[in-house]
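2 protein chains.
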Amino acid sequence: MKIFHWGVIIMMTKEETEKLKQDLKERGYKLTPQRRAILNVIIDNEGKHLSPEEIYDQVKMECPEIGLATVYRTVQLLEKMGILYKMNFDDGVSRYELVHSTEDHQHHHLICLKCGAIEEVEDDLLEVLEDRISKKYDFSIENHDVKFYGYCKRCK
Amino acid sequence: MKIFHWGVIIMMTKEETEKLKQDLKERGYKLTPQRRAILNVIIDNEGKHLSPEEIYDQVKMECPEIGLATVYRTVQLLEKMGILYKMNFDDGVSRYELVHSTEDHQHHHLICLKCGAIEEVEDDLLEVLEDRISKKYDFSIENHDVKFYGYCKRCK
DNA sequence: TCTCAATTGAAAAAAGTTATTTTTTATCCT
DNA sequence: AGGATAAAAAATAACTTTTTTCAATTGAGA
Ligand SMILES: [Mn+2]
Ligand SMILES: [Mn+2]
Ligand SMILES: [Zn+2]
Ligand SMILES: [Zn+2]
């Protein structure tokens with residue numbers, strides 16, 4: 001297992017790999033080295049929000065012959081399987097992160113207008129607003145996408 | 157003034173046109189027929205969220221020789237001036253709407269996962285959440301982008 | 001009217017993403 | 001283990017949206 005100066009690379013355990021293989025099999029998909037490498041990169045970068053290109057750059061270290069199209073195909077597949085969540089921070093690329101199994105709604109993000117840092121918000125706290133919207137607009141809410149733009153502690 | 161079956165076209169008044177001309181002049185820009193036509197289309201479609209291509213298609217009725225690049229340039233300019241707000245509904249294009257002068261924060265949107273209808277939410281109701289975030293994360297909030305995904309009254 | 005910077009339309013380029021084609025491979029079955 | 005087969009891969013082309021380039025035009029002011 002490789003060690004980088006900023007910490008240890010986390011990888012899927014044997015059990016997680018088996019679980020993934022099983023999930024894929026149930027839908028008629030295969031577990032390829034490319035797919036494993038891509039998911040490993042995403043797990044290694046938990047907390048970041050990587051674009052396909054960024055994933056590609058990292059995956060090439062493990063798997064230098066991989067193609068960018070394979071990364072695109074894989075993240076789409078993993079999103080369809082509910083393993084990844086696709087996000088848009090209006091910077092011209094799509095970004096992906098692991099779905100946190102503990103949360104039933106997507107968490108919120110704080111985006112610094114100066115340095116671009118993205119911070120995650122633990123609290124949901126939208127129950128009141130969502131209840132009111134459900135009733136007032138007769139709209140059943142399945143999920144949300146909440147971003148706050150402003151200045152982080154370092155920039156304000 | 158043209159009348160369509162779904163209503164009357166709203167246009168900038170003389171005063172609004174003068175105000176815009178003044179605003180542009182202050183920044184060294186000109187009020188061209190193309191810019192006026194583009195803004196008129198956006199005003200005519202208040203409540204919708206038009207893409208540059210959609211604006212282009214409509215503007216061509218008034219101004220058939222206009223180029224798509226001019227539409228892109230103009231919406232960018234109007235956004236920079238605080239007249240338009242650029243949004244992203246993850247459908248592959250950017251979309252624009254008039255900034256509502258009455259609201260200090262962008263309003264929320266309800267997006268139907270079945271029919272794609274987009275409805276606007278009047279209530280902000282994020283004060284509690286924003287206060288808490290400001291304190292807990294030491295982050296000063298300037299604006300937000302809040303979307304709720306679910307099923308509208310017709311689709312659920 | 002003359003000047004000049006701003007703006008335009010057309011075309012090309014860039015950037016991100018998806019589709020196509022051929023080759024390779026993971027999985028299942030004997 | 002070996003072979004069949006459907007899925008996935010790489011490579012490449014195509015596509016979509018947006019930006020840039022550039023020569024020609026225009027608007028505002030002197
Ligand atoms: Mn996140
Ligand atoms: Mn709106
Ligand atoms: Zn910052
Ligand atoms: Zn609907």
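Same order as they appear, the protein sequences are chains A and B. The letter at position 3 of the first sequence is residue 3 when you use this note's numbering, and the numbering goes up by one with no holes. The number in this note's numbering is simply the position in the second sequence, starting from 1, with 156 added. Positions of the beta carbon are idealized from the N, C-alpha and C atoms, including for glycine.
Leaving aside the five residues before and after A/GLU79 along the sequence, list all residues of the same chain whose C-beta is less than 8 Å from its C-beta, in chain order. Position 79 of the first sequence, counting from 1, holds the residue named residue 79 of chain A. Once the five neighbours on either side are set aside, the close Cβ partners of A/GLU79 are TYR85, LYS86 and TYR96.
Comparing the CB of B/HIS265 with every heavy atom of ligand 2, is any distance shorter than 7 Å? Taking the second sequence and counting its residues from 1, one reaches residue 265 of chain B at position 109. Taking the Cβ of B/HIS265 as the reference point, at least one heavy atom of ligand 2 falls within a distance shorter than 7 Å.
Between the alpha carbons of A/ASP124 and B/PHE245, how many angstroms are there, rounded? In the first sequence, the residue the question calls residue 124 of chain A occupies position 124. In the second sequence, the residue the question calls residue 245 of chain B occupies position 89. Answer to the nearest angstrom: the Cα atoms are 21 Å apart.
Is it the case that the Cβ atoms of A/LEU113 and B/GLU298 are separated by a distance below 8 Å? As a working mapping, residue 113 of chain A is identified with position 113 in the first sequence. As a working mapping, residue 298 of chain B is identified with position 142 in the second sequence. Yes, they are a contact pair.
On the criterion of 16 or more Cβ atoms from any shown chain inside 10 Å, does A/GLY28 qualify as buried, or is it exposed? In the first sequence, counting from the first residue as 1, residue 28 of chain A sits at position 28. Result: exposed.
If we define contact as Cβ-Cβ less than 8 Å, is A/LEU78 a contact residue for chain B? Position 78 of the first sequence, counted from the start, is the residue given in the question as residue 78 of chain A. It does not: the Cβ of A/LEU78 has no partner Cβ on chain B nearer than 8 Å.
Cutoff 8 Å; reference B/LEU254; Cβ partners in own chain excluding five residues on either side: Position 98 of the second sequence holds residue 254 of chain B. Taken in chain order, the residues that qualify are ILE198, ILE199, GLU202, ILE239, LEU240 and TYR241.
Spatial neighbours of B/ALA193 within its chain, please: C-beta separation below 6 Å, excluding the five flanking residues on both sides. Position 37 of the second sequence, counting from 1, holds the residue named residue 193 of chain B. Excluding positions up to five away in sequence, the list reads VAL215, GLU218 and CYS219.
Do you know how far the Cα of A/PRO52 is from the Cα of A/SER134? By 1-based counting over the first sequence, the position of residue 134 of chain A is 134. By 1-based counting over the first sequence, the position of residue 52 of chain A is 52. One C-alpha to the other measures close to 35 Å.
Starting from A/VAL75, trace the alpha helix (DSSP H) in both directions and tell me its first and last residue. On the first sequence, position 75 is the one that residue 75 of chain A refers to. Residues 68-80.
Note down, in chain order, all residues in the segment 288-312 of chain B with a beta-carbon under 7 Å from any beta-carbon belonging to chain A. Interface annotation for the segment 288-312 of chain B against chain A: ARG288, ILE289, TYR293, ASP294, PHE295, SER296, ILE297, GLU298, ASN299, HIS300, ASP301, VAL302, LYS303, PHE304, TYR305, GLY306, TYR307, CYS308, LYS309 and LYS312, criterion Cβ-Cβ distance under 7 Å.
Thinking just about the alpha-carbon of each residue, which of B/MET237, B/GLU221 and B/TYR307 is nearest to the one in B/GLU275? As a working mapping, residue 275 of chain B is identified with position 119 in the second sequence. Measuring from the Cα of B/GLU275, the nearest candidate turns out to be B/TYR307.
Just checking B/TYR241 against ligand 3 - is the residue's beta carbon closer than 7 Å to any of the ligand's heavy atoms? To locate residue 241 of chain B, count along the second sequence from 1; it is residue 85. The nearest non-hydrogen atom of ligand 3 is 7 Å or more from the C-beta of B/TYR241.
Contact criterion: CB-CB distance below 8 Å. Does B/LEU240 meet it with respect to chain A? Counted from its first residue, the second sequence places residue 240 of chain B at position 84. Between B/LEU240 and chain A, the shortest Cβ-Cβ separation is not below 8 Å.
Cα-Cα separation between B/LEU176 and B/THR169, rounded to whole angstroms: One-based indexing of the second sequence puts residue 176 of chain B at position 20. One-based indexing of the second sequence puts residue 169 of chain B at position 13. Rounded to the nearest angstrom, the two C-alpha atoms are 11 Å apart.
Whole angstroms are fine: how far does the CA of A/LEU129 sit from the CA of B/HIS256? Taking the second sequence and counting its residues from 1, the one referred to as residue 256 of chain B is at position 100. Taking the first sequence and counting its residues from 1, the one referred to as residue 129 of chain A is at position 129. Distance between the alpha carbons of B/HIS256 and A/LEU129: 21 Å.
Mind checking who A/SER101 pairs with in its DSSP beta bridge? As a working note, residue 101 of chain A is residue 101 in the first sequence. For A/SER101, which the question treats as bridged, DSSP gives no partner whatsoever.
At the 8 Å Cβ level, is A/ASP123 part of the contact set with chain B, yes or no? Within the first sequence, the letter at position 123 stands for residue 123 of chain A. Yes, because at least one Cβ of chain B sits closer than 8 Å to the Cβ of A/ASP123.
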